[in-house]
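Following: one structure in C-alpha cells, then a few remarks.
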C-alpha cells in the first residue's frame, strides 16, 4: 500500500512570479535615481529616503500587529511606497514631515482601505498631496547653490538647459530631476516585464504634445517641460502602480492620456506650478470606470459563430 | 491568421522526447474501471472466476454515450472492487490476475467496414475514447451528418510540460494514423484534415508531413503552431488552424470542425487495421521523483506503482502524483491508482517541485486578465465570487473558462483562480436551478 500523496486543484506548477519579486524589481529600478539624488543634492538627501522607508515599513508592521492580521511587510510594497514618497520630496524636508507623510500613506490610504490591492488611490502620490496641503512642502527649495526659488524648475524664471534637465542638475524633489536615471530605471522595469510601455509613453507623449501646442510649437521647450518637474518619475513609477491603474492596454492608454492632459491643464491654468500628483490622483479615482470601459472582448461569447 | 490568442510560455521539460517508448511486461494484476470515459459506466460482461485474454470484452457500453471495456492482459477475473474516479463518482472495477502469458483473444480480427454506419459501429466496438484526456466516446463524436464536418483537426499540439506520449504516437504510429484517415475519408467523406503541432516538435512535424502525403482523396495539411500554452485546447486549436471561433456553450461541430487527438486517431486506425481494441496506453512517466523518466507502453489497468517500478522506482516519496500534465492534470491520492484509457502521463513530483507559494492578496496587476486565452478577467471574477454576485459573474462570461490554468500560473499572489472560476460556474448553475424551480 503506497503512501498517500497530495490531492489538489490544478495547476501544479507556478511561474515563480511573486509580489515581493515585483517590488524588489521596483526598488532596484529606483536605485539609480536615488544615487543621482544623493549626488545632486548631497548625502543629506538620503535622510528623507531612510526615514520614509523605515517609517512606512514600521507603520505597516505595527498596524498588522495591532489588528492581528498576517504580516505583509515581507512583500516589500511598504518599502516601495516609502522610497517613492521620499523621492517626491525636496532634500531638505523636515524629517518629522516625512513621518507624517508616511503615516498618511500607509495607515490612511493603504491599511485602512484594506491593505495592498484594496487602496483606491496611490499611497505615495496621495501622501505627497496631503503634505503639500498640510505643510506647504513643495514651497521649500532644495538646491543648495544657485538656489532656485520654488520647488521645481517650473516655477523658476529661466528653464535649465536640456542637458541639465537630462542629468538632473537643477532644483526639485530628490528623485524627480535626473531624467537619465529615471529612464534607466524605466528600461529595467520594461525588460523585467514589471511595467508595459503604454502608461509612460502615452503620459509623457501627451505632456509633450500639449506643451508643444502651448509653447508655439517650440520642440525644445516642449521637451524641457517633459523632463522638468515630476512627469518622468510620475509617468514611469507612480502612474504605473498596479493597484491604482487599469489592467488592459487600452485602459492604460486612456489613463496615460488623462494624466498627461490633467498635468498640463493644472500647470498652465492653475496656481500650482506642478500638476503631476493631482493628475495621477484624479486618474486613480477614474480607474475602476476605465477598467469597466476597456475590458477585453471575450472569445466568441454569445450563441452565434 | 495573424491574430493569436493570448496564452503563456510554460517550461517545456520534454525530457523524454528523444528516447523510444519501452514496453513494460504484464504486471501481476490490473484493475480496470467500468468507466474511463464521459457517459454511462459500461456494464460488466464477465464474472469472478472467468478466464480472459488480451482483447476480451469485459464490459459493454451502456447506451449511446458509453464505451466498451476490454481486458489488457490474459488471466482470471479475481474480483470486482470499487474505483473512485477523479470526479468523485464510484464505479465498479474488475481486478484481473495475470497468468503471465499475455495471450491474445483468438476472436480478434479486423472489423468488416463497408459504410458509414459500419464504420461508426466498428469505432464503438474499439472502445476508443478521447485519448487527449477528456475520454469522450469517439464513435459519438464522429456520428454526425457527414456534411457537417468541414474540417477534421488532429491535435498534435501537446502543450503541457513533461508530456511527450503524443509525440511518440506521431513518430512511431504514423501508419495507424494514415489508415484511420484513409478510412474516415472513404466512409465519412472527410475532405479536409489539418494536423496542428506545436513548433517545438520538429521531428513529429516532419513525420506527419510524410504521412500526410500517403493519404489519398483528402487534403491533409500539417500546421506548425507557436508553442504557447494552451495551444492544445480544443477551441484554441480550432481557431489557430481554421480561424473559426466556437461560441461559448456550443460544440466544435457547430462550426464545422471535429477535433481528434492524434493518439485517438492512431488507436482507431490500429483497431480498424488489426481488430485489437484499446487495451494499452503509451504514458509519459516523468517528474523529479522518478528514477528513469521515459515513455512506457502500459496495459490499461496497471497500477501506477507498477509503472514507477518499471522506470527504476521512485527516488523519494513524491509529494504529488499527477495523471496528465502539471497545468490541467488531476492529482491522485497515491500510486495505487490504475492507468486508464485516457491517461497520457503519470508524473511523480518531489516535495520541492510540488511546492507552491502561499496565496496572498490580489495586487490588481492584471496579468491574469492579459494572459487568459479567452479574454476573461479572473481577478474581477474572483471579486464577484467573493461577493456571490451572480449577475456580475454572468456578465463576466465565467462559463467560457476552460480551466487551462494560465491565470493561476502567472498570478504573483498565487491566488487559486482556476478554483474560483470552477466555484463560480457551480454558483451560477445552482442559481439557474433555483430560477428554474421558481418559474
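Chains as they are written, first to last, in this note's numbering: chain A, 670 to 974; chain B, 326 to 764.
The beta-carbon is built from N, C-alpha and C at its ideal position, and this holds for glycine as well.
Where residue 969 (chain A) meets chain B, residues with beta-carbon distance less than 7 Å: Residue 969 (chain A) reaches chain B at 570, 571, 572, 573, counting residues in chain order whose Cβ is nearer than 7 Å.
Helix, strand or coil at residue 520 (chain B) according to DSSP, with G and I counted as helix: Assignment of residue 520 (chain B) by DSSP, reduced to helix, strand and coil, places it in the strand class.
Straight-line Cα distance separating residue 968 (chain A) from residue 580 (chain B): Cα-Cα distance, rounded: 14 Å.
Nonlocal neighbours in the same chain, by C-beta distance under 6 Å from residue 773 (chain A), ignoring five residues either side: Taking C-beta separations shorter than 6 Å and ignoring five residues to either side along the sequence, the partners of residue 773 (chain A) in its chain run 796, 799, following chain order.
Cross-chain neighbours of residue 739 (chain B) in chain A, by beta carbon under 8 Å: In chain order: 683, 687.
Simplified DSSP state of residue 568 (chain B), which is helix, strand or coil: In this structure, residue 568 (chain B) counts as coil in the three-state DSSP scheme.
C-beta atoms of residue 378 (chain B) and residue 428 (chain B) nearer than 7 Å: Taking 7 Å as the cut-off, the Cβ atoms of residue 378 (chain B) and residue 428 (chain B) count as close.
Test: residue 761 (chain B) CB closer than 7 Å to a CB of chain A: Not one beta carbon of chain A lies nearer than 7 Å to the beta carbon of residue 761 (chain B).
Option nearest residue 751 (chain A) by Cα separation, candidates A:870, A:739, A:717: The residue with the shortest Cα to Cα distance from residue 751 (chain A) is A:717.
Best match in B:508, B:440, B:373, B:364 for proximity to residue 410 (chain B) [C-alpha to C-alpha]: For residue 410 (chain B), the nearest C-alpha among the options comes from B:364.
Residues near residue 333 (chain B) in its chain [Cβ-Cβ closer than 8 Å; skip 5 each side]: Answer for residue 333 (chain B): 553, 554, 696, 731, 734, 735, listed in chain order.
Residue environment, residue 744 (chain A), which counts as buried when at least 16 other CB atoms sit within 10 Å: The Cβ neighbour count for residue 744 (chain A), taken over all protein chains shown within 10 Å, is at least 16; the residue is labelled buried.
Whether residue 482 (chain B) touches residue 521 (chain B) by CB criterion (7 Å): Contact flag set, yes.
For residue 715 (chain B), the nearest candidate out of B:682, B:728, B:757 (CA to CA): Selected option, being the one with the closest Cα: B:757.
Pairwise C-alpha distance: residue 613 (chain B) and residue 679 (chain B): So the two alpha carbons sit approximately 10 Å from each other.
Neighbour flag for residue 353 (chain B) against chain A, beta carbons, 7 Å: No, no contact with chain A.
Reference residue 675 (chain B); option with closest CA among B:550, B:744, B:643: Here the closest residue by C-alpha is B:643.
Chain-ordered neighbours of residue 734 (chain B) on chain A, where CB pairs are closer than 8 Å: The contacting residues are 680, 682, 683, 684.
Environment of residue 484 (chain B) [buried if 16+ CB atoms lie within 10 Å]: Counting Cβ neighbours within 10 Å, residue 484 (chain B) comes out buried, since at least 16 surround it.
Supposed close pair residue 447 (chain B), residue 502 (chain B) - CB separation, criterion 8 Å: Their Cβ separation, rounded to whole angstroms, is 17 Å, which puts residue 447 (chain B) and residue 502 (chain B) out of contact at 8 Å.
Beta carbon of residue 402 (chain B) nearer than 7 Å to that of residue 421 (chain B): Yes.
C-beta neighbour in chain A for residue 303 (chain B), strict 7 Å: Because chain B in this structure spans residues 326 to 764, residue 303 (chain B) falls outside the shown range and cannot be described.
Range covered by the alpha helix (DSSP H) that runs through residue 750 (chain B): Annotation: the continuous alpha helix (DSSP H) that includes residue 750 (chain B) extends over 742 to 763.
Residue 404 (chain B) beta carbon less than 7 Å from that of residue 373 (chain B): In this structure, residue 373 (chain B) places its C-beta atom within 7 Å of the C-beta atom of residue 404 (chain B).
CB contact below 7 Å: residue 691 (chain A) versus chain B: Yes, because at least one Cβ of chain B sits closer than 7 Å to the Cβ of residue 691 (chain A).
Cβ contact check for the region 613 to 630 of chain B and the region 336 to 354 of chain B: 3 or more pairs under 8 Å: Touching, yes.
Opening and closing residue of the alpha helix (DSSP H) in which residue 701 (chain A) lies: Where residue 701 (chain A) is concerned, the enclosing alpha helix (DSSP H) stretches over 688 to 710.
Cutoff 7 Å: residue 672 (chain A) Cβ touching any chain B Cβ: Output row for residue 672 (chain A): interface = yes.
Closest residue to residue 542 (chain B) among B:558, B:444, B:527, B:511 (Cα-Cα distance): Comparing Cα positions, the closest option is B:511.
Residue-chain proximity (residue 635 (chain B), chain A), Cβ-Cβ < 7 Å: Not closer than 7 Å to any Cβ of chain A, the Cβ of residue 635 (chain B) fails to qualify, so no.
From B:702, B:694, B:649, residue whose alpha carbon lies closest to that of residue 977 (chain A): The first residue shown for chain A is 670 and the last is 974, placing residue 977 (chain A) beyond what the model contains.
The region 689 to 704 of chain B contacting the region 665 to 673 of chain B, beta-carbon criterion three pairs below 8 Å: Segments in contact, no.
Residue 349 (chain B) at chain A interface by Cβ criterion, 7 Å: No, residue 349 (chain B) does not count as interfacial toward chain A.
Inter-residue spacing [alpha-carbon to alpha-carbon] between residue 455 (chain B) and residue 963 (chain A): Each residue's alpha carbon lies about 38 Å from the other.
Sufficient close CB pairs (3 or more, under 8 Å) joining the region 825 to 836 of chain A to the region 889 to 900 of chain A: By the C-beta criterion, the region 825 to 836 of chain A is judged to be in contact with the region 889 to 900 of chain A, since at least 3 inter-stretch pairs fall below 8 Å.
Residue 700 (chain B) at chain A interface by Cβ criterion, 7 Å: Put simply, the CB of residue 700 (chain B) is near chain A, with a gap under 7 Å to one of its CB atoms.
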